[in-house]
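Peer 1:
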Amino acid sequence: VRPDVMLLAKALGGGIVPIGAVLSTEEAFSEDFAMKHSSTFAGNSLACRVALASLELLTKDNCSLIRQVEENGRILKEGLLALRDEYPNVIRSIRGRGLMLGIEFGITRDTFPGSLIGVMAEQEILTPVISSYLLNVERLRVAPTLNGSDVIRIEPPLVISKEQCLQAIEGLGRAMEVLAEGNTAKFLRHLTRDGSRDGSRSDAYGRASDRVRVLDPVPKPVPGPTDGRFAFLVHPINIKNYPEFDRSLEVYSEDELKGLADRWNDLVDPFVLSEARIVSRTGAAAFGQFIAVPRTADDLLYGDQAEVMSILKKAVHLAKDRGAKIVGLGAYTSVVSRGGRSLLDEGVAITTGNSYTVVSAVEAVISAMTRLDMDPSRVTVSVVGATGSIGRAMAILLSEQVSKLILVGNPKRPEKSQRRLVDVGVAISRHLLELIASGKTLKPGSIAERAKSKGLIVSKKPLRATGDVDECIRVASQLEDHGLIVLTTDTDRYLPASDVVVTATSSLAELVTPGNVRWGAVALDLSRPPNVSRRIRDLRPDVLVIDGGVVALPGLPSLGWDFGFERGLAYACMAETIMLALEHHYEHTSIGADLDIDTILYTKDLAAKHGFALADLRSFDRPLTKEEWEQVVAARRNRTGPKAFCCR
3 VRPDVMLLAK
13 ALGGGIVPIG
23 AVLSTEEAFS
33 EDFAMKHSST
43 FAGNSLACRV
53 ALASLELLTK
63 DNCSLIRQVE
73 ENGRILKEGL
83 LALRDEYPNV
93 IRSIRGRGLM
103 LGIEFGITRD
113 TFPGSLIGVM
123 AEQEILTPVI
133 SSYLLNVERL
143 RVAPTLNGSD
153 VIRIEPPLVI
163 SKEQCLQAIE
173 GLGRAMEVLA
183 EGNTAKFLRH
193 LTRDGSRDGS
203 RSDAYGRASD
213 RVRVLDPVPK
223 PVPGPTDGRF
233 AFLVHPINIK
243 NYPEFDRSLE
253 VYSEDELKGL
263 ADRWNDLVDP
273 FVLSEARIVS
283 RTGAAAFGQF
293 IAVPRTADDL
303 LYGDQAEVMS
313 ILKKAVHLAK
323 DRGAKIVGLG
333 AYTSVVSRGG
343 RSLLDEGVAI
353 TTGNSYTVVS
363 AVEAVISAMT
373 RLDMDPSRVT
383 VSVVGATGSI
393 GRAMAILLSE
403 QVSKLILVGN
413 PKRPEKSQRR
423 LVDVGVAISR
433 HLLELIASGK
443 TLKPGSIAER
453 AKSKGLIVSK
463 KPLRATGDVD
473 ECIRVASQLE
483 DHGLIVLTTD
493 TDRYLPASDV
503 VVTATSSLAE
513 LVTPGNVRWG
523 AVALDLSRPP
533 NVSRRIRDLR
543 PDVLVIDGGV
553 VALPGLPSLG
563 WDFGFERGLA
573 YACMAETIML
583 ALEHHYEHTS
593 IGADLDIDTI
603 LYTKDLAAKH
613 GFALADLRSF
623 DRPLTKEEWE
633 QVVAARRNRT
643 GPKAFCCR
């Protein structure tokens, strides 16, 4: 290329002063343009002297510096081309001439499945992080291009030596080796608090991949033309959960993960974590994405709520753009959006998944009691978090099964909790009135049967949809007066009187401890993070702790990411989202605190229709083994443990 007009700047000033020049051939030169062109600082004497000195250096000794640039540029480019051939999954091409070179990267999400390196590439922040790595680890200063997200500039000073060129190639080679491993922990170690260059932990980082539990390889799912379409929002509950998004991060300490998250959260938008296709026993199928919101529970609960809602809406819009017709809200994305109510106007159906969570939790409680030969009609159940969406609905359904309910509200807001607990009591009363009016057979010993036998419920007329409030309030008061339900915020007083404890709160605290749970109790923990203390496992062998809301999907498909479950298992809230997609039921579902009993029963019917089922019982995030079960049974039989725990 022989230019007619050339613009020169930057290097002309030797990196000291700003100056530029317009050069043109005689044929292209225009005197009119030259006379009209002007600049406030044109002809600056100091800048012109620096420019002349730069030109003198470039032309000195018969342009020896330029010949050196040409030679070193050849060395650099040949080295870069060799790296491209060695790491074709990382480098797509080498561009440029002389000492103005560029490395174009070809990393995508498919290059390293399950790695956050691909996410960085997708969100156009990978080249800045590569530049950061090269500067902090290899001491090479490079920069991304301004008009391309996948290219970094290799533009050393003109006086670079051959030896320095070779050192740069070696450093770039080491960086490419790290990238080619797909080991995010090793690649980002310089951004953690312990990201020093002394290499004291290099072996640990290098061995990170040895400890990674790799998912079974599965073909990338492809949606069918009639598939239902869904998405489900997930997020790390706490810092320790970040390795669920990239198992190489398991090598990091909690402090290092926090340091990385503090940087990461400000850079990364919600992203597609995985894709999955689920086939019902009916032959229907649903295809969807799991979308990660890079915020912990603390971030969502205590962060600026305008920013929190902004990132949730970004996640919902990403789901919609990817084809989702219904979006499920996982963990605290539901809590901070007021049970989904803040996301109802985003142009796509929303579900919290709480209806089927209630179904599966009740099934898990009944299953555990049955296996332990506990008669539900002689059991007292405490529901911690009874004013919440899940706790309220569980209390209503359990009133058909158990002898007594203790409804526990939030002790931090006793007055508000008491009002809401009264509302739950009224809702239970309405349910019992409707149950009895329907003529359904009542389980002997249950709250429903005892209320009827004591004459607390005398009306057999169907309730009006919005009327009969006074009757419901009267019955609720009678149920409390006769000790069939208890309304309280005092866990330490009432949990020791409970045969079964259910936790369903948004609290981050341990509420059920070795010291406040009854001998031989069953504790069902639906809360994330858990409300049941892990110390119970070691200190109270008589107590059975089970995780609620875990179900087996039809066909046990892979969901494409590792959140600690065996293949084919999922949380019930995920399952509800999937089954609604299988039905093409694209309507807002399970929204707010007051779940509709008919909707809960609808999800129960859908589960039976499509082949969703309660998974084998789990305890503290892992399957409950035969040995652990036998240990609980033996402890209960021998009535072991301190007498202080024998609270009957």
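Convert by adding 2 to the 1-based position in the sequence shown; the result is the number in the numbering used here. Think of the CB as a built atom: it goes at the ideal place given N, C-alpha and C, for glycine as much as any other residue.
Quick one: Cα of E589 to Cα of G98, how far?
Peer 2: Against the sequence shown, residue 589 aligns to sequence position 587. Against the sequence shown, residue 98 aligns to sequence position 96. Between E589 and G98, the C-alpha separation is close to 54 angstroms.
Peer 1: Restricting to Cα atoms, I'd like to know which of D596, S26, K12 and L434 is closest to D6.
Peer 2: The sequence position of residue 6 within the sequence shown is 4, counting from 1. Cα-wise, what sits closest to D6 is S26.
Peer 1: What are the start and end residues of the beta strand (DSSP E) that includes V236?
Peer 2: Locating residue 236 in the sequence shown gives position 234, where the first residue counts as 1. Counting along the chain, the beta strand (DSSP E) containing V236 begins and ends at G230 to V236.
Peer 1: Could you check what DSSP says for V131 in three-state terms: helix, strand or coil?
Peer 2: Walking along the sequence shown from the start, residue 131 turns up at place 129. Of the three classes helix, strand and coil, the one that applies to V131 here is helix, per DSSP.
Peer 1: According to DSSP, V329 sits in a beta bridge with which residue or residues?
Peer 2: Within the sequence shown, residue 329 is the residue found at index 327, counting from 1. According to DSSP, V329 bridges with A233 and I352.
Peer 1: In the structure shown, what three-state DSSP assignment does D200 receive?
Peer 2: One-based indexing of the sequence shown puts residue 200 at position 198. The predicted position of D200 is uncertain, since its pLDDT is 40 and thus under 50; a value taken from the coordinates is nonetheless stated next. It is coil, neither helix nor strand.
Peer 1: With 16 as the cutoff for other CB atoms within 10 Å, does S32 come out buried or exposed?
Peer 2: Along the sequence shown, read from residue 1 onward, the residue named residue 32 stands at position 30. Its Cβ having fewer than 16 others within 10 Å, S32 is exposed.
Peer 1: Check this for me: beta carbons of L434 and A453, under 8 angstroms apart or not?
Peer 2: Residue numbering aside, residue 434 sits at position 432 when the sequence shown is read from its first letter. Residue numbering aside, residue 453 sits at position 451 when the sequence shown is read from its first letter. Contact flag set, yes.
Peer 1: Can you tell me the Cα-Cα spacing of E179 and R155, whole angstroms?
Peer 2: As a working note, residue 179 is residue 177 in the sequence shown. As a working note, residue 155 is residue 153 in the sequence shown. For E179 and R155, the distance between alpha carbons rounds to 19 angstroms.
Peer 1: Taking all protein chains shown into account, decide if R209 is buried (16 or more other Cβ within 10 angstroms of its Cβ) or exposed.
Peer 2: Here residue 209 refers to the residue found at position 207 of the sequence shown. Annotation note: pLDDT 44 at R209 (below 50); position unreliable, coordinate value reported separately. R209 comes out exposed.
Peer 1: Mind listing, in chain order, the continuous alpha helix (DSSP H) runs of no fewer than 4 residues lying wholly within the region 243–318?
Peer 2: Qualifying alpha helix (DSSP H) stretches, in chain order: 256–269 and 299–304.
Peer 1: Since I believe K322 is in contact with V350 (beta carbons under 8 angstroms), could you give me their beta-carbon distance rounded to a whole number of angstroms?
Peer 2: For the purposes of this step, residue 350 is taken as residue 348 along the sequence shown, with counting starting at 1. For the purposes of this step, residue 322 is taken as residue 320 along the sequence shown, with counting starting at 1. The pair is a contact, with the Cβ atoms about 5 angstroms apart (cut-off 8 angstroms).
Peer 1: Quickly, what does DSSP pair G98 with across the bridge? List them, please.
Peer 2: Numbered from 1 along the sequence shown, position 96 holds the residue referred to as residue 98. L103, per the DSSP bridge assignment.
Peer 1: Note down, in chain order, each residue of its chain lying with its Cβ closer than 8 angstroms to the Cβ of M8, except the 5 sequence neighbours on either side.
Peer 2: Locating residue 8 in the sequence shown gives position 6, where the first residue counts as 1. For M8, where only same-chain residues beyond five positions count, the Cβ hits under 8 angstroms are V24, L25 and S26.
Peer 1: Specify the secondary structure class of L25 as computed by DSSP and reduced to three states.
Peer 2: The residue given as residue 25 occupies position 23 in the sequence shown. Strand, per DSSP.
Peer 1: Measuring straight from C-alpha to C-alpha, what distance separates V488 and L275?
Peer 2: Here the question's residue 488 lines up with position 486 in the sequence shown. Here the question's residue 275 lines up with position 273 in the sequence shown. Straight-line Cα distance between these residues: approximately 44 angstroms.
Peer 1: How should I538 be labelled, buried or exposed, when 16 other C-beta atoms within 10 angstroms of its C-beta is the threshold for buried?
Peer 2: Residue mapping note: residue 538 aligns to position 536 of the sequence shown, counting from 1. Label assigned to I538: buried.
Peer 1: What residues in its chain sit with their C-beta under 8 angstroms from that of G342, if we drop five residues either side in the sequence?
Peer 2: Numbered from its first residue, the sequence shown carries residue 342 at position 340. Cβ within range, chain order: L331, S336, I352, T353, T354, H590, S592, I593 and G594.
Peer 1: Please confirm whether A651 and Y358 have their CB atoms less than 8 angstroms apart.
Peer 2: Lying outside 3 to 650, the shown extent of the chain, residue 651 is not represented and no answer is given.
Peer 1: For L235, tell me which candidate among V338, K188, P130 and S56 has the shortest Cα-Cα distance.
Peer 2: To locate residue 235, count along the sequence shown from 1; it is residue 233. With distances taken between Cα atoms, L235 lies closest to V338.
Peer 1: Taking the alpha carbon of M581 as the point to measure from, which residue in F565, P556 and D600 has its own alpha carbon closest?
Peer 2: Translated into positions along the sequence shown, residue 581 becomes position 579. Ranking the options by Cα distance to M581, first place goes to P556.
Peer 1: So, is T505 buried or exposed, given that buried needs 16 or more other C-beta atoms within 10 angstroms?
Peer 2: Residue numbering aside, residue 505 sits at position 503 when the sequence shown is read from its first letter. By the 10 Å Cβ count, T505 comes out buried.
Peer 1: Starting from the N-terminal side, write out each stretch of the alpha helix (DSSP H) that is 4 residues or longer and does not extend beyond the region 549–635.
Peer 2: Qualifying alpha helix (DSSP H) stretches, in chain order: 574–584 and 599–612.
Peer 1: Compare the beta carbon distance of V634 and L546 with 8 angstroms and say whether it is the shorter of the two.
Peer 2: Here the question's residue 634 lines up with position 632 in the sequence shown. Here the question's residue 546 lines up with position 544 in the sequence shown. Yes, they are a contact pair.
Peer 1: Name the two residues that bound the continuous alpha helix (DSSP H) containing P540.
Peer 2: Position 538 of the sequence shown, counting from 1, holds the residue named residue 540. The sequence shown places Asp at residue 540, rather than the Pro named in the question. It spans R537 to L541 - the alpha helix (DSSP H) in which D540 sits, taken as one unbroken run.
Peer 1: For the region 412–432 against the region 482–500, do three or more pairs of beta-carbon atoms, one drawn from each stretch, fall closer than 8 angstroms, so that the two count as touching?
Peer 2: The region 412–432 is in contact with the region 482–500.
Peer 1: Can you name, in chain order, every residue of its own chain whose Cβ lies under 6 angstroms from the Cβ of I619, other than the five neighbours on each side?
Peer 2: For the purposes of this step, residue 619 is taken as the residue at position 617 of the sequence shown. Note that residue 619 is Leu in the sequence shown here, rather than Ile. The answer, listed in chain order, is I548 and L626.
Peer 1: Nearest-angstrom Cα distance between E88 and G81?
Peer 2: For the purposes of this step, residue 88 is taken as the residue at position 86 of the sequence shown. For the purposes of this step, residue 81 is taken as the residue at position 79 of the sequence shown. Each residue's Cα considered, the two are about 11 angstroms apart.
Peer 1: Indicate the three-state DSSP secondary structure (helix, strand or coil) for L444 in the structure shown.
Peer 2: The residue labelled residue 444 in the question sits at position 442 within the sequence shown. In this structure, L444 counts as coil in the three-state DSSP scheme.
Peer 1: Distance check for V281 and G613, CA to CA, integer angstroms please.
Peer 2: The count along the sequence shown starts at 1 and reaches residue 613 at position 611. The count along the sequence shown starts at 1 and reaches residue 281 at position 279. If you take the alpha carbons of G613 and V281, they lie about 9 angstroms apart.
Peer 1: So, for G173: in the same chain, excluding its five sequence neighbours on each side, which residues have a beta-carbon less than 6 angstroms away from its beta-carbon?
Peer 2: Locating residue 173 in the sequence shown gives position 171, where the first residue counts as 1. Within the same chain, G173 has close Cβ partners E140 and L142.
Peer 1: V385 and L346 look like a contact to me (Cβ under 8 angstroms); what is the Cβ gap, rounded to whole Å?
Peer 2: Sequence index remark: in the sequence shown, residue 385 carries index 383 (1-based). Sequence index remark: in the sequence shown, residue 346 carries index 344 (1-based). Between L346 and V385 the Cβ distance is about 27 angstroms, and since that is not below 8 angstroms, they are no contact.
Peer 1: For the beta strand (DSSP E) containing K652, list its first residue and its last residue.
Peer 2: This structure cannot settle anything about residue 652, because the visible part of the chain is limited to 3 through 650.
Peer 1: Could you spell out the range, first to last residue, of the alpha helix (DSSP H) harbouring R69?
Peer 2: For the purposes of this step, residue 69 is taken as the residue at position 67 of the sequence shown. It spans S47 to E88 - the alpha helix (DSSP H) in which R69 sits, taken as one unbroken run.
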